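Asker: Before I ask anything, let me first share the structure, which is written out below as structure tokens.
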């Protein structure tokens with residue numbers, strides 16, 4: 001697929017520089033002060049994988065797709081590959097739809113075939129309700145959705161849900177994210193002074209106090225069934241106040257480099273598919289920064305729309321990766337298999353790059369990655385919508401809560417809700433099950 | 448491929464027991480009685496009291512009434528869920544963390560815009576006025592447009608405090624801006640309520656009825672005239688009169704157009720991407736012209752054709768702009784102007800289903816998809832649901848083949864009993880669009896082979912074959928199922944609820960009225976507003 005507005009290699013390289021130069025700072029030790037509570041990054045790939053070249057042996061060899069992770073000795077030690085997950089629940093829409101909304105919520109989709117939505121809270125939002133947070137932003141839902149696909153099917157743009165058919169939109173605007181989180185640079189009110197920061201905090205508090213009082217007065221007028229809407233709003237006000245204050249004042253324990261993070265340049269068309277590689281890199285840089293700077297605890301991140309049709313021009317593929325390739329992945333077409341392998345390796349490279357960024361930041365006796373769990377899932381198992389052996393890879397050990405990493409878990413077929421149940425437990429929330437399977441128990445073999 | 452055959456066919460229900468089918472014997476002339484009125488459609492549940500966050504579209508409309516010259520907008524907001532195609536779903540719209548960040552940005556922009564020196568010069572706060580009292584006068588002047596009402600004493604007092612903190616160690620303007628931020632972040636700006644009257648259980652309170660009416664018909668807060676009549680809106684005749692007045696306003700036309708575009712999934716036409724190789728450049732000018740043509744057409748029907756739905760589906764003309772010359776080719780009976788009414792060659796095109804914007808929006812980026820177009824007709828025009836494919840089924844759609852037409856490729860579905868059981872509900876309808884490619888150009892051949900654009904409907908009340916979108920349009924306007932589906936979609940939009948079902952007393956009755964009116968959407972809207980059901984609220988915990 002040729003597009004005249006794609007970014008040139010030179011522009012691309014020059015634009016990487018401002019972000020990439022931040023990462024040397026990350027290597028400086030700062031984090032003894034930050035408690036090693038596990039962070040969580042939930043990633044979602046679309047369109048399944050080719051089963052024959054995805055799974056490693058128990059010795060962690062033989063996976064072409066996962067080579068970018070497993071060939072890196074440091075990452076390999078911190079990686080867990082989970083085989084055997086299946087989704088036998090189904091739901092409205094097709095496999096993409098119920099797999100996308102279901103994997104990290106445990107719920108079937110609801111609604112008509114052409115308009116299916118998640119039917120319960122995803123685990124990021126469950127964790128937000130159950131845990132207490134020192135970060136000003138408990139959760140963040142961001143991702144890369146630049147695509148030629150018509151955008152009106154927006155149930156396919158986010159897997160983060162507050163409740164039934166209550167989807168949290170995915171923020172794809174990298175510039176807006178940097179402005180929100182790092183402008184003015186965190187820990188600085190601007191060129192003037194701490195007094196200026198104090199004043200702005202007081203003004204912000206005054207505004208939000210006003211809003212809080214309005215919410216307080218409005219709530220009793222509502223029927224009980226409507227009050228949760230205001231409770232969600234109240235939580236958002238509380239988090240906003242925390243962010244506005246925290247990012248204005250220097251905080252002990254936060255490394256100096258967090259105050260020097262700037263918005264990447266140049267301006268990219270956020271809808272243009274050819275910009276996906278750079279957007280993915282920038283967005284993962286951003287995720288690594290907000291996690292490492294202690295601004296966010298939990299991230300949900302769609303790597304493309306559900307059922308994404310990217311043409312992967314940057315890999316020289318130029319074919320509809322969903323319709324033409326993924327659906328034709330029956331194993332008897334070498335050309336299709338080769339192209340899908342390239343695509344799936346590219347995804348693994350992105351995950352590996354994110355993991356490395358976190359692994360470069362010392363924290364406690366290890367690195368930020370050691371205190372983080374990256375969970376890379378997929379909406380379906382294979383391109384033709386099969387739901388057995390959904391590919392899932394964990395990188396990081398969640399602050400030591402996974403003791404045995406560096407291996408393949410293959411304990412036979414297990415319902416996909418067990419994965420989410422285990423993630424809840426790893427994050428410190430007791431759970432016997434998830435979504436449609438409240439008693440499914442945790443994943444067998446993950447310890 | 449084994450597709451389980453399940454389709455929920457909507458049944459035509461008799462109108463037994465529908466007491467709302469006739470003029471209400473008892474109206475509530477100026478205020479409700481103290482006796483809870485019975486709900487006019489006993490078998491339907493009345494809507495419950497709700498808090499409805501404004502959609503981004505509604506925020507923009509309200510913002511325009513506050514600051515018409517320079518309007519801060521939600522343009523940079525993260526796109527929100529459109530449940531059932533509509534962006535105003537009362538359950539889905541919440542204020543989560545990201546949304547509040549967006550609102551903060553908007554509030555700051557709005558505060559900045561409304562406190563420029565030029566604005567202040569025209570405000571009740573000329574430069575030499577007393578800061579405190581003046582700030583409150585400033586807030587009072589804006590309150591009817593921001594909150595749709597006057598400030599309460601408590602609000603005045605609290606806003607004064609916010610102003611003082613904002614002005615501390617800073618300027619008067621900074622105090623005003625801080626105070627305005629509080630107003631624009633207030634739930635009384637971001638939400639509207641639909642709550643039971645405290646004095647008269649069973650009906651909405653008067654101001655909320657005015658708000659319901661106004662947001663349904665104009666997407667913004669009640670104007671001065673409607674607010675003046677708020678206490679009289681228990682009277683169905685006054686509601687109907689106000690509804691008809693609002694429908695004739697520019698805001699009313701804009702809202703009706705927005706509803707039609709949302710229903711037909713046409714809100715994204717100006718942003719579509721297409722990739723047809725060297726033969727056709729789907730430039731921004733082309734897609735914007737497609738989008739504008741749809742706007743001009745719907746406006747034309749609303750203004751000059753009594754907002755008749757049948758006209759939308761049968762019009763023998765379009766409003767093409769110059770950028771659509773290549774798209775239309777020789778399908779027009781006179782040269783293209785600047786979005787002027789232009790007759791179609793009716794052998795090829797008729798009605799909105801044949802407009803390039805519609806055809807492009809309902810096709811993948813490079814090819815046509817009979818499945819996609821057929822599923823749209825089943826789902827959105829007949830309100831029929833199609834069951835999902837069985838779990839574990841390997842989905843392998845027919846691959847592109849340069850030696851076959853699309854119809855021939857998809858014939859594999861009909862040949863396989865497993866596929867046919869479900870695809871027969873979609874593909875045969877979609878085949879009727881095959882004379883139009885993925886950007887809406889008319890074609891008679893594909894890959895050198897002649898195209899057969901015969902479509903077929905079954906398990907509807909207008910079963911049979913048709914040719915082309917125009918042929919389908921002619922079927923639709925004879926279908927009660929289609930009319931009822933349209934009414935259902937309108938009520939879903941009006942109520943911000945995807946749970947409105949077609950098989951209900953009030954929908955059946957409204958369908959009767961709609962058909963009798965000659966498919967007038969304005970009559971449907973005004974009738975819906977006039978019914979007692981519009982003012983009734985269920986008892987909620």
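Residue numbers (my numbering), protein chains in the order written: chain A, 1 to 447; chain B, 448 to 988. Even for Gly, the Cβ is constructed at its ideal location relative to N, Cα and C. These figures come from a predicted structure and were not determined experimentally.
1. Report the three-state DSSP secondary structure of residue 139 of chain A (helix, strand or coil).
2. For residue 925 of chain B and residue 553 of chain B, I'd like the C-alpha separation in whole angstroms.
3. Compute the Euclidean distance between the alpha carbons of residue 450 of chain A and residue 886 of chain B, then round it to the nearest angstrom.
4. Taking residue 260 of chain A and residue 293 of chain A to be in contact with their CB atoms under 8 Å, please state how far apart those CB atoms are, rounded to whole angstroms.
5. Is residue 982 of chain B close to chain A, meaning its C-beta is less than 8 Å from at least one C-beta of that chain?
6. Measuring CB atoms only, is the stretch 532–541 of chain B touching the stretch 162–181 of chain A, in the sense that at least three cross pairs come out at less than 8 Å?
7. On the DSSP bridge list, what partners appear for residue 643 of chain B?
8. Name the one or two DSSP bridge partners that residue 343 of chain A has.
9. When the Cα of residue 730 of chain B is compared with those of B:745, B:744, B:771 and B:516, which residue comes out closest?
10. Assuming residue 84 of chain A and residue 411 of chain A are in contact, meaning their beta carbons sit under 8 Å apart, how far apart are those beta carbons, in whole angstroms?
11. List in chain order: all unbroken beta strand (DSSP E) runs of 3+ residues lying wholly within the stretch 78–123 of chain A.
12. Would you call the stretch 931–951 of chain B in contact with the stretch 970–979 of chain B, where contact means no fewer than 3 C-beta pairs closer than 8 Å?
13. Just how far apart, CA to CA, sit residue 433 of chain B and residue 517 of chain B?
14. What residue range does the beta strand (DSSP E) around residue 693 of chain B cover?
15. How is the alpha helix (DSSP H) around residue 767 of chain B delimited, first residue to last?
16. In the structure shown, what three-state DSSP assignment does residue 262 of chain A receive?
17. Quick check on the DSSP output: the beta strand (DSSP E) that includes residue 836 of chain B runs from which residue to which?
18. Taking buried to mean at least 16 other C-beta atoms within 10 Å of its own C-beta, is residue 24 of chain A buried or exposed?
19. With a threshold of 8 Å between beta-carbons, can residue 114 of chain A be considered close to chain B, or not?
20. Rounding to the nearest angstrom, what Cα-Cα distance links residue 209 of chain A and residue 130 of chain A in this structure?
21. Mind checking if residue 842 of chain B is an interface residue toward chain A, Cβ cutoff 8 Å exclusive?
22. Would you call the stretch 672–688 of chain B and the stretch 702–721 of chain B in contact, with 3 or more CB pairs under 8 Å?
23. Helix, strand or coil: how does DSSP classify residue 322 of chain A here?
24. Could you check the C-alpha separation between residue 132 of chain A and residue 578 of chain B for me, to the nearest Å?
25. Name the residues in the stretch 627–648 of chain B whose C-beta lies less than 7 Å from a C-beta of chain A; which are they?
26. Expressed to the nearest angstrom, what Euclidean distance is found between the alpha-carbon atoms of residue 880 of chain B and residue 841 of chain B?
27. Residues bridged to residue 434 of chain A by DSSP?
28. So the candidates are A:399, A:139 and A:418; which of them puts its Cα closest to the Cα of residue 235 of chain A?
29. From what residue to what residue does the alpha helix (DSSP H) around residue 505 of chain B run?
30. Who pairs with residue 495 of chain B in a beta bridge, going by DSSP?
31. Among A:388, A:392, A:417 and A:123, whose alpha-carbon lies nearest the alpha-carbon of residue 440 of chain A?
32. What does the Cβ neighbour count give for residue 527 of chain B, buried or exposed, with the cut at 16 atoms within 10 Å?
33. How many Å lie between residue 288 of chain A and residue 257 of chain A at the Cα?
34. May I have the straight-line CA-CA distance separating residue 349 of chain A from residue 122 of chain A, to the nearest angstrom?
35. Look up residue 989 of chain B in the DSSP assignment and give the residues it is bridged to.
36. If you measure beta-carbon to beta-carbon, which residues of the stretch 606–619 of chain B are closer than 8 Å to chain A?
Answerer: This is what the structure holds:
1. Residue 139 of chain A sits in a strand when the DSSP states are folded into three classes.
2. Each residue's Cα considered, the two are about 47 Å apart.
3. A question about residue 450 of chain A goes unanswered here, because the residues of chain A that appear run from 1 up to 447.
4. At roughly 11 Å, the Cβ-Cβ gap does not stay under 8 Å, so residue 260 of chain A and residue 293 of chain A are not in contact.
5. Under the Cβ criterion of 8 Å, residue 982 of chain B is not counted among the residues facing chain A.
6. Yes, since at least three Cβ pairs between the stretch 532–541 of chain B and the stretch 162–181 of chain A fall closer than 8 Å, the two stretches touch.
7. In the DSSP output, where bridge partners are listed per residue, residue 643 of chain B has B:651.
8. For residue 343 of chain A, DSSP assigns no beta-bridge partner whatsoever.
9. Closest by alpha carbon: B:771.
10. Your pair residue 84 of chain A and residue 411 of chain A checks out as a contact, with CB atoms roughly 6 Å apart and the cut at 8 Å.
11. Counting whole runs of 3 or more residues, the stretch 78–123 of chain A contains the beta strand (DSSP E) stretches 79–86.
12. With the cut-off at 8 Å, the stretch 931–951 of chain B and the stretch 970–979 of chain B touch.
13. In the structure as shown, chain B begins at 448 and stops at 988. Residue 433 of chain B is therefore absent and cannot be evaluated.
14. From DSSP, residue 693 of chain B is part of no beta strand (DSSP E) but of the alpha helix (DSSP H) over 683–695.
15. Taken as a continuous stretch (DSSP letters only), residue 767 of chain B belongs to no alpha helix (DSSP H), as it is neither H nor E.
16. Coil at residue 262 of chain A, not helix or strand.
17. That residue, residue 836 of chain B, is in no beta strand (DSSP E); it is neither H nor E in DSSP.
18. With a pLDDT of 42 at residue 24 of chain A, under the threshold of 50, the modelled position of this residue cannot be trusted, and the question is left open.
19. So yes, residue 114 of chain A belongs to the interface.
20. The alpha-carbon atoms of residue 209 of chain A and residue 130 of chain A are separated by roughly 25 Å.
21. Proximity of residue 842 of chain B to chain A, defined by a Cβ-Cβ separation below 8 Å, is satisfied.
22. A contact between stretches requires three or more CB pairs, one per stretch, nearer than 8 Å, and the stretch 672–688 of chain B fails this requirement with the stretch 702–721 of chain B.
23. In the displayed model, residue 322 of chain A falls within a helix according to three-state DSSP.
24. Computed Cα separation, rounded: 42 Å.
25. Among the residues of the stretch 627–648 of chain B, those with a Cβ less than 7 Å away from any Cβ of chain A are 628, 629, 632, 633, 634, 635 and 642, in the order of the chain.
26. Those two C-alpha atoms are separated by around 27 Å.
27. Bridge partners of residue 434 of chain A: A:437.
28. The residue with the shortest Cα to Cα distance from residue 235 of chain A is A:139.
29. Per DSSP, residue 505 of chain B belongs to the alpha helix (DSSP H) from 503–513.
30. DSSP output for residue 495 of chain B lists B:985 as bridge partner(s).
31. Residue 440 of chain A has its Cα closest to that of A:417, out of A:388, A:392, A:417 and A:123.
32. By the neighbour-count rule (16 or more Cβ atoms within 10 Å), residue 527 of chain B is buried.
33. Distance between the alpha carbons of residue 288 of chain A and residue 257 of chain A is about 13 Å.
34. Approximately 26 Å between the Cα atoms of the pair.
35. Beyond the ends of chain B as shown, which are 448 and 988, falls residue 989 of chain B; an answer cannot be given.
36. Against chain A - using a Cβ distance shorter than 8 Å - the residues of the stretch 606–619 of chain B are 606, 608, 609, 612, 613, 615, 616 and 617.
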